[in-house]
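Quick note on numbering: the sequence shown equals residues 200 to 403 in my numbering. Below is one structure; the comments refer to it alone.
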Amino acid sequence: MNLYKLKEAESNFLLRYPKGFADPAMAPIKKKHNVDALVTFAQHNLTQVNCLKPHFVADTLLKLISRSSMISRFEKPQFKHFLNALNSDEKEALAYGVGQLLHGRRQAGFEQICGMLSHHKLAKWAIISSMAFYYAPRREVFVKPTTAKGIISLLEIETLTYQSTPSWNFYKGYRKLISDLKKKVHPSLSTNNAAFTGFLMMSM
200 MNLYKLKEAE
210 SNFLLRYPKG
220 FADPAMAPIK
230 KKHNVDALVT
240 FAQHNLTQVN
250 CLKPHFVADT
260 LLKLISRSSM
270 ISRFEKPQFK
280 HFLNALNSDE
290 KEALAYGVGQ
300 LLHGRRQAGF
310 EQICGMLSHH
320 KLAKWAIISS
330 MAFYYAPRRE
340 VFVKPTTAKG
350 IISLLEIETL
360 TYQSTPSWNF
370 YKGYRKLISD
380 LKKKVHPSLS
390 TNNAAFTGFL
400 MMSM
């Protein structure tokens, strides 16, 4: 890891935004992404009990993905088509996967959702990682391919190689990397994990 580049990025960012993401100049960006509202929505609707309701989970995921500014406008209609194509048994399997991802065996849930999305050629990092991120934004990570590749390259991370096909191994490694990096910079840069990776992206 190139710690010098991380500290240089921190210094440059705080020179421009002295209060980090609480800086008034960051308000337009925060308003655009509206992360807090989507986190509240996800946490209120994707409870362990609600994950036992397949149709409710599908409707909630549709609203969550549709409202996210971090999901490509090309992927949103594809995801809607994916949900509309599911039969009752498949919606039950999806809800089970989401329940596991958020409340149970996370790897099993991640891989089940990936498998279902793969059948529809929709296994995209942004879609699957957003489900976990919006529910637990300080623990889970949002994986945007260009940002993830850029961070690994910028900081010369030799222990992690980006994979375009979503996998639990990369997700777990990337999540640990972000957790470790956050400990080395000012807390104002990591109000949530997407904000932290956004800070790094802006520094590239």
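Backbone N, C-alpha and C define an ideal beta-carbon position, used for all residues, glycine too.
Nearest-angstrom Cα separation, counted from His-243 out to Glu-291: Here residue 291 is taken as the residue at index 92 of the sequence shown, counted from 1. Here residue 243 is taken as the residue at index 44 of the sequence shown, counted from 1. For Glu-291 and His-243, the distance between alpha carbons rounds to 20 Å.
What first and last residue would you give for the alpha helix (DSSP H) that runs through Asp-258? Residue mapping note: residue 258 aligns to position 59 of the sequence shown, counting from 1. Here the alpha helix (DSSP H) through Asp-258 covers 253-266.
Quick check on Met-315: does DSSP put it in helix, strand or coil? Position 116 of the sequence shown holds residue 315. Annotated three-state conformation of Met-315 is helix, per DSSP.
Whole angstroms are fine: how far does the CA of Met-400 sit from the CA of Thr-346? The residue you call residue 346 lines up with position 147 of the sequence shown. The residue you call residue 400 lines up with position 201 of the sequence shown. Between the alpha carbons of Thr-346 and Met-400 lies a gap of roughly 6 Å.
Look at the Cβ atom of Glu-274, then the Cβ atom of Ile-326, and state whether they are nearer than 9 Å. Position 75 of the sequence shown holds residue 274. Position 127 of the sequence shown holds residue 326. A contact, by the Cβ cut-off of 9 Å.
Decide if Lys-323 is buried, meaning its Cβ has at least 16 other Cβ atoms within 10 Å, or exposed. For the purposes of this step, residue 323 is taken as residue 124 along the sequence shown, with counting starting at 1. Lys-323 comes out buried.
Can you list, in chain order, the residues of its chain whose CB lies under 6 Å from that of Gln-247, leaving out five sequence neighbours each side? One-based indexing of the sequence shown puts residue 247 at position 48. The residues His-302, in chain order, have a CB closer than 6 Å to that of Gln-247 in the same chain once the five nearest residues on each side in sequence are set aside.
When the distance is taken between beta carbons, is His-319 closer than 9 Å to Ala-284? Sequence index remark: in the sequence shown, residue 284 carries index 85 (1-based). Sequence index remark: in the sequence shown, residue 319 carries index 120 (1-based). In this structure, His-319 lies closer than 9 Å to Ala-284 by Cβ.
Thinking C-alpha only, which one of Tyr-333, Leu-202, Met-269 is nearest Glu-259? Within the sequence shown, residue 259 is the residue found at index 60, counting from 1. The question names Glu, but residue 259 in the sequence shown is Thr. Checking every option, the nearest Cα to that of Thr-259 belongs to Tyr-333.
Let me know the secondary structure DSSP gives Asp-235 once reduced to three states. Position 36 of the sequence shown, counting from 1, holds the residue named residue 235. Helix.
At 4 residues or longer, and completely inside the stretch 302-357: list those alpha helix (DSSP H) runs for me, N to C. 305-318, 324-334, 344-353
Are any of the Cβ atoms in chain D nearer than 9 Å to that of Asp-288? Protein chains in the displayed structure number just one, and chain D is not present.
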